[in-house]
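Protein chains in written order, with my numbering: chain A, 2 to 376; chain B, 2 to 376.
In structure tokens, the structure reads:
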């Protein structure tokens, strides 16, 4: 028997070729069934392509969220970003879907910037660094068009007057041995990293505390964050709060191919501030191809879109049109479409997206104040 | 050889008959030498009886504090109170000395109320409880007459917007194995209790952060808190701050005698809100006596002031006059002064003190706002 490639998924590391079916079983989440998709479509009016294509593919308690919504008990959305570097396309993916949820369901979004997280987990990162990235990262979130009236940014160190007390309530219910097993910490881990998950739990119930009534919470996130929220879900009922529900997406692959996830620590990401030239160069040079070695061979045998990073970026992010995508897939598989042509198409799509994003990002500089939650 | 009684001193438990000489060696603190007392007397104009009588008996880096002071580099004071019950005489003792330091040296006091500490360490304590005690406890501190212009109350959960970020900087330098050995925590300890010492470190350098220059810090405290500050002293230089100095006192004994310390968890304390009748009853009924079983025997053989709780309260707290104290000691030792007479004298002293304290405590209700640090 052949040894299958090993993979690892924790909130701090994703490596190897991820077996999502295995992950679903190990984490104990559910795949999103068609009946749930139909209910979302009924409420939203349409179905986002990330749902149709199972980019968002797993969940916890999504049925309950929709039941409550149907009863008139609206949920709020919670997602976040630990500022530790520049934002890349892999970060944007779940936020774009979150924006769609906000628009379609008319709900509030609490967006957490845990500016202490990476400070605590990375030796060489200072608070001066995270402060700089925080400001940059907020621009990317605002640029996506979230409703400032319904969107609240909470920054752990700045909103700690609200959050720390609530985090202590969570922390009192979590022992070291629980976080040790969930997050792979040990006795040499610093005491801030051991405490940290308590802070990540807080936005899941903070709006309920502030408003003095229980509001269901839906967390859209990439599946590697599930260990945090699994623990959060165990604790919340003990504090008299609802368990937060979640809807979880695949990882956008790095340029190098299907292993791991797009990550700023390697030169394998497209950043939101990349120039058209940089995008062109990165896609042409690094985007792993499912095409054949020679044009002749490609024409004859066709390419493999399933392992082709450019095709995956179109499918997961840049080509919402199902018909166009199906045509591209067909043509690539048959050999009619060459890798170079596929890449050109993607480059145009990314650069059109980034041109608009960068414009909005520039305008966002004047809008930050509107989004900051003032306690 | 007789087995000596065992004792235990941690920030959360003091039990047994404390061998202070052993504690000084184990903790690695220094006794306050006469040369240091002379320097304090020179600067302050006189010497507080708690220094003369070695109630404040140990220190770390006190010489450095005085050197800096002589150079014109004033220190600030830092002490605190974890709100978890009513304030008793044992709490007041170091604060009264702290007030004297503030007056004599004209320095700022940062008074921490770590309202999460006991919440995290005691199963049955809620934040509703600590909030109630916090308000009560602040009155006792204010009643002692601290200068509102030079005194800042910081409340961990309410000032966390300032403190949490600084605590994370400390936490990044402390591993679980370090707190485990210092504080007797284990894998079943909650992650808030593991993080907590980072918050207790913050006031030792927060004024330096706020003012943008390094200010020496002197912490007057009962010696059981030394493990916190020993750790704090190890970390501070790594963050570019001075090591805080400390001046440490003995424990005021419980009514029951010379073992442990006055503690609100037992019915062995005199609280600041006790009525004259309650004080009288507690002293008469519970205050351990060094006198003899019968008046005849007492007259003949005399009493032992060294183990007599009433005498110790006079010596440590209620009789600042050295001549009067010496006379009492002599008369008690000779048998001229009976236990009942000694107790009557103490009861009068305590009740006179509490009458004034309770008046000031009442007035303090209108003054809380002046003391709260606004970030």
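All C-beta atoms in this analysis are idealised placements derived from N, C-alpha and C, irrespective of residue type, glycine included. Fair warning: this is a prediction, and the values are worked out from it, not measured in the lab.
| query | Taking the alpha-carbon positions, what's the residue 76 (chain B) to residue 369 (chain A) distance? | reply | Sequence index remark: in the second chain, residue 76 (chain B) carries index 75 (1-based). Sequence index remark: in the first chain, residue 369 (chain A) carries index 368 (1-based). Going from the Cα of residue 76 (chain B) to the Cα of residue 369 (chain A) covers about 40 Å.
| Distance, Cα to Cα, residue 70 (chain B) vs residue 201 (chain B)? | In the second chain, counting from the first residue as 1, residue 70 (chain B) sits at position 69. In the second chain, counting from the first residue as 1, residue 201 (chain B) sits at position 200. About 25 Å.
| field | 9 Å Cβ cut-off: residues of chain A touching residue 309 (chain B) | value | To locate residue 309 (chain B), count along the second chain from 1; it is residue 308. Listed along chain A, no residue sits closer than 9 Å to residue 309 (chain B) by beta-carbon distance, the nearest being about 42 Å off.
| Is there at least one Cβ from chain A nearer than 8 Å to residue 190 (chain B)'s Cβ? | The residue you call residue 190 (chain B) lines up with position 189 of the second chain. Yes - at least one Cβ of chain A is within 8 Å of the one on residue 190 (chain B).
| request: Helix, strand or coil for residue 92 (chain B), going by three-state DSSP, please let me know. | output: Here residue 92 (chain B) is taken as the residue at index 91 of the second chain, counted from 1. The answer is helix: DSSP assigns residue 92 (chain B) an H, G or I state.
| said: Is the separation between the beta-carbon of residue 336 (chain A) and that of residue 291 (chain A) shorter than 8 Å? | reply: Within the first chain, numbered from 1, the residue matching residue 336 (chain A) stands at position 335. Within the first chain, numbered from 1, the residue matching residue 291 (chain A) stands at position 290. No, the Cβ-Cβ distance between residue 336 (chain A) and residue 291 (chain A) is not below 8 Å.
| request: Examine chain B for any beta-carbon lying closer than 8 Å to the beta-carbon of residue 280 (chain A), and answer yes or no. | output: Residue numbering aside, residue 280 (chain A) sits at position 279 when the first chain is read from its first letter. Chain B contact via Cβ: absent.
| query | My guess is that residue 206 (chain A) and residue 87 (chain A) are in contact by the Cβ rule of under 8 Å, so how many angstroms apart are they, rounded? | reply | The count along the first chain starts at 1 and reaches residue 206 (chain A) at position 205. The count along the first chain starts at 1 and reaches residue 87 (chain A) at position 86. 31 Å between Cβ atoms; not a contact.
| task | Go through its chain and collect everything with a Cβ distance to residue 389 (chain A)'s Cβ below 7 Å, but skip five positions before and after it. | result | Since the displayed chain A opens at 2 and closes at 376, residue 389 (chain A) lies outside it and no answer follows.
| task | Could you tell me how far apart the beta carbons of residue 60 (chain B) and residue 249 (chain B) are, in whole angstroms, since I believe they sit closer than 8 Å? | result | Translated into the one-based positions of the second chain, residue 60 (chain B) becomes position 59. Translated into the one-based positions of the second chain, residue 249 (chain B) becomes position 248. With a Cβ gap of about 6 Å, residue 60 (chain B) and residue 249 (chain B) count as contacting.
| message | For chain B, check one thing: does any of its Cβ atoms lie closer than 8 Å to the Cβ of residue 162 (chain A)? | response | Position 161 of the first chain, counted from the first residue, corresponds to residue 162 (chain A). Residue 162 (chain A) has a beta carbon lying within less than 8 Å of a beta carbon in chain B.
| request: Give a yes or no on whether the minimum CB-CB distance between residue 169 (chain A) and chain B is below 8 Å. | output: What you label residue 169 (chain A) is simply residue 168 of the first chain in a count that begins at 1. Taking Cβ atoms only, chain B reaches closer than 8 Å to residue 169 (chain A), which makes this a yes.
| How do the stretch 158-165 of chain B and the stretch 101-110 of chain B stand: do at least 3 beta-carbon pairs fall below 8 Å, yes or no? | no
| message | Nearest by alpha-carbon distance to residue 57 (chain B): which of B:72, B:30, B:122 is it? | response | As a position in the second chain, residue 57 (chain B) is number 56, starting the count at 1. It is B:30 whose Cα lies nearest to the Cα of residue 57 (chain B).
| Closest by C-alpha distance to residue 26 (chain A), when choosing among A:218, A:14, A:210, A:224 | For the purposes of this step, residue 26 (chain A) is identified with residue 25 of the first chain, where counting begins at 1. The option with the nearest alpha carbon to residue 26 (chain A) is A:224.
| task | Could you confirm whether any beta carbon from chain A is found closer than 8 Å to the beta carbon of residue 184 (chain B)? | result | One-based indexing of the second chain puts residue 184 (chain B) at position 183. Under the 8 Å criterion on CB atoms, residue 184 (chain B) is classed as non-interfacial with respect to chain A.
| Name the chain B residues that come within less than 8 Å of residue 121 (chain A), Cβ to Cβ? | By 1-based counting over the first chain, the position of residue 121 (chain A) is 120. Taking a Cβ-Cβ cut-off of 8 Å, the neighbours of residue 121 (chain A) in chain B comprise 169, 172, 173, given in sequence order.
| request: Spatial neighbours of residue 358 (chain A) within its chain, please: CB distance less than 7 Å, with the 5 preceding and 5 following residues excluded, ordered by chain position. | output: What you label residue 358 (chain A) is simply residue 357 of the first chain in a count that begins at 1. Around residue 358 (chain A): 144, 273.
| query | Using a C-beta to C-beta distance shorter than 8 Å, which residues of chain A count as neighbours of residue 195 (chain B)? | reply | Residue 195 (chain B) sits at position 194 when you count from the first residue of the second chain. Result: 177, 192, 195, 196.
| request: Step through the CB atoms of chain A and report whether any lies within less than 8 Å of the CB of residue 117 (chain B). | output: By 1-based counting over the second chain, the position of residue 117 (chain B) is 116. Closer than 8 Å: yes.
| Are the stretch 192-200 of chain B and the stretch 166-177 of chain B touching by the rule of at least three beta carbon pairs closer than 8 Å? | yes
| query | In chain A, which residues lie less than 7 Å from residue 165 (chain B) when you measure between Cβ atoms? | reply | Here the question's residue 165 (chain B) lines up with position 164 in the second chain. Simply 158, 161, 165.
| CB contact check: residue 203 (chain A) to chain B, cutoff 8 Å | Counted from its first residue, the first chain places residue 203 (chain A) at position 202. No, its Cβ sits nowhere closer than 8 Å to a Cβ of chain B.
| field | Interface residues of chain A facing residue 180 (chain B) [CB-CB closer than 9 Å] | value | For the purposes of this step, residue 180 (chain B) is taken as the residue at position 179 of the second chain. Within chain A, the residues near residue 180 (chain B) are 192.
| said: Check whether chain A comes within 8 Å of residue 230 (chain B), counting only Cβ atoms and requiring the distance to be less than that. | reply: Your numbering for residue 230 (chain B) matches position 229 in the second chain. Taking Cβ atoms only, chain A never reaches closer than 8 Å to residue 230 (chain B), which makes this a no.
| query | What is the DSSP secondary structure of residue 341 (chain A), reduced to helix, strand or coil? | reply | Position 340 of the first chain, counted from the start, is the residue given in the question as residue 341 (chain A). It is helical.
| query | Exposed or buried, which one is residue 44 (chain A) when buried takes at least 16 other CB atoms within 10 Å? | reply | As a position in the first chain, residue 44 (chain A) is number 43, starting the count at 1. Exposed: under 16 other Cβ atoms inside 10 Å.
| said: residue 230 (chain A) and residue 91 (chain A) - do their beta-carbons sit closer together than 8 Å? | reply: Taking the first chain and counting its residues from 1, one reaches residue 91 (chain A) at position 90. Taking the first chain and counting its residues from 1, one reaches residue 230 (chain A) at position 229. Against a cut-off of 8 Å, the Cβ pair of residue 230 (chain A) and residue 91 (chain A) comes out as no contact.
| field | Any chain A beta carbon closer than 8 Å to residue 199 (chain B) | value | The count along the second chain starts at 1 and reaches residue 199 (chain B) at position 198. Output row for residue 199 (chain B): interface = yes.
| Hey, quick one: how far does the alpha helix (DSSP H) through residue 314 (chain B) stretch, first residue to last? | Reading the second chain from its first residue, position 313 is the one you call residue 314 (chain B). 310-314 is the extent of the alpha helix (DSSP H) around residue 314 (chain B).
| Can you find a C-beta in chain B that's less than 8 Å from the C-beta of residue 128 (chain A)? | Taking the first chain and counting its residues from 1, one reaches residue 128 (chain A) at position 127. Yes - at least one Cβ of chain B is within 8 Å of the one on residue 128 (chain A).
| query | Rounded to a whole number of angstroms, what is the C-alpha to C-alpha distance between residue 9 (chain A) and residue 246 (chain B)? | reply | Counting from one through the first chain, the residue named residue 9 (chain A) turns up at place 8. Counting from one through the second chain, the residue named residue 246 (chain B) turns up at place 245. Their backbone Cα atoms lie some 47 Å apart in a straight line.
| field | Entirely enclosed alpha helix (DSSP H) segments - the stretch 254-340 of chain B, minimum 4 residues | value | 277-287, 296-302, 310-314, 323-335
| field | residue 220 (chain A) versus residue 265 (chain A): straight-line alpha-carbon distance, rounded | value | For the purposes of this step, residue 220 (chain A) is identified with residue 219 of the first chain, where counting begins at 1. For the purposes of this step, residue 265 (chain A) is identified with residue 264 of the first chain, where counting begins at 1. Straight-line Cα distance between these residues: approximately 23 Å.
| In three-state DSSP terms, what is residue 54 (chain B)? | As a first step, residue 54 (chain B) must be located in the second chain, where it is residue number 53. DSSP places residue 54 (chain B) in coil when its eight states are reduced to three.
| Buried or exposed by the 16-neighbour rule on C-beta atoms within 10 Å, applied to residue 296 (chain B) | If you number the second chain from 1, residue 296 (chain B) lands on position 295. Label assigned to residue 296 (chain B): exposed.
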